[in-house]
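Structure first, then comments.
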Amino acid sequence: MASESLPIRLALAAILSVLAVSAPRDAMAQASAAGDSTRETRDDALIASLRSRILAAHSATFALESWCADHKLAADPHLVAERLAVPDKPLTAAQRVRLAIGPDEPVRYRRVRLACGGRVLSEADNWYVPARLTPEMNATLDGTRTPFGRVVRSLAPVRSTVAVRGPSRDVAPGPTDPLFEVDAVLSTGAGQPFCEVVETYLGSALPQASR
């Protein structure tokens, strides 16, 4: 009888040993999953907050600077615009209709990154009608890193949202991952459209604590 019970005891000991090892691993996995879920929930709330702020603003430049200051993303919350050397991207016919211009009206195109400190918060395609800006504004856009929204501030611009797109994702966004995109038309306070933008907001806009 004793000889028969020995294999049973050995088998039970082996099972208990496996359980003792796997239980902490399972607990760690569950804790990690819970942490990931909490972080994703926090990220989703921050993304929704940023999107709401951008959509409610008349200037994405000043909305981003306010966001940068509120979340302490940099010691100096002022944005700089880094112009990218990319091929020209002609306006579509639909965009010309939104800007209320004919097929031959000159339009300038620029692609920029907007950065706060060392963080690139967004990238944007920007088409604007130079004839509807002042010569000083055009010179500033051509020769400085001043963001578009700050340059045209005296026009009292009003933003009209054309479209909003939010890329689906399965993991928490990294610094260069897109959070959402906004297409908008800017008009003067008198109602004359002068610019269309396609903006992509990036993971670097989220506070470091959320990643």
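In the numbering used here, the protein residues as written are 1 to 211. For each residue, glycine too, the CB sits at the ideal point set by N, CA and C. Note that the coordinates shown come from a computational prediction; the quantities given were computed from them, not determined experimentally.
In or out: Ala-34 buried (at least 16 other Cβ within 10 Å) or exposed?
With a pLDDT of only 43 at Ala-34, under 50, the local geometry of the prediction cannot be trusted, and the value read off the model is given with reservation. Its Cβ having fewer than 16 others within 10 Å, Ala-34 is exposed.
If distances are taken between C-alpha atoms only, which option among Tyr-201, Arg-132 and Ser-154 comes closest to Ser-52?
Tyr-201
Can you check whether the CB of Ala-81 is closer than 8 angstroms to the CB of Thr-176?
Remark: C-beta atoms of Thr-176 and Ala-81 do not approach each other more closely than 8 angstroms.
What number of angstroms, rounded off, separates the C-alpha of Ala-172 from the C-alpha of Met-137?
39 angstroms
Measure the alpha-carbon distance for Leu-64 versus Gly-149 and round it to whole angstroms.
11 angstroms
Among the residues of its own chain, which have a CB less than 6 angstroms from the CB of Ala-124, if the five just before and after it don't count?
Val-112, Val-197 and Glu-199
When we look at the beta-carbon of Val-152 and count the other beta-carbons within 10 Å, is it buried (16 or more) or exposed?
buried
Taking only the alpha-carbon atoms, compute the straight-line gap between Met-28 and Phe-180 and give it to the nearest angstrom.
Residue placement at Met-28 cannot be trusted, given a pLDDT of 48 that sits under 50; what the coordinates show is reported in the next sentence. Roughly 33 angstroms separates the two Cα atoms.
Quick one: grab the DSSP three-state call for Asp-88.
Look at Asp-88 here: in three-state DSSP terms it is coil, with no helix or strand label.
Check the DSSP bridge columns for Asp-125 and list the partner residues they point to.
Arg-111 and Val-198
Report the rounded CA-to-CA distance for Tyr-109 versus Ala-184, giving the unit in angstroms.
15 angstroms
Beta-carbon within less than 8 angstroms of Thr-161's beta-carbon, same chain only, minus the 5 sequence neighbours each way: which residues are those?
Leu-55, Val-182, Asp-183 and Ala-184
Between which two residues does the beta strand (DSSP E) containing Asp-221 stretch?
Shown here, the chain extends from 1 to 211; a query on residue 221 therefore has no answer.
Is Ala-156 buried or exposed, if buried means 16 or more other CB atoms sit within 10 Å of its CB?
exposed
For the beta strand (DSSP E) that Ala-63 lies in, which residues bound it at each end?
Run containing Ala-63: none in the beta strand (DSSP E); it sits in the alpha helix (DSSP H), 60 to 70.
Which value, in whole angstroms, describes the spacing of the CA atoms of Ala-31 and Ala-163?
Summary for Ala-31: the model assigns pLDDT 43, below 50, so the residue's position carries little reliability, and this model does not support an answer.
From the DSSP secondary-structure annotation, give me the bridge partner or partners of Leu-79.
Cys-116
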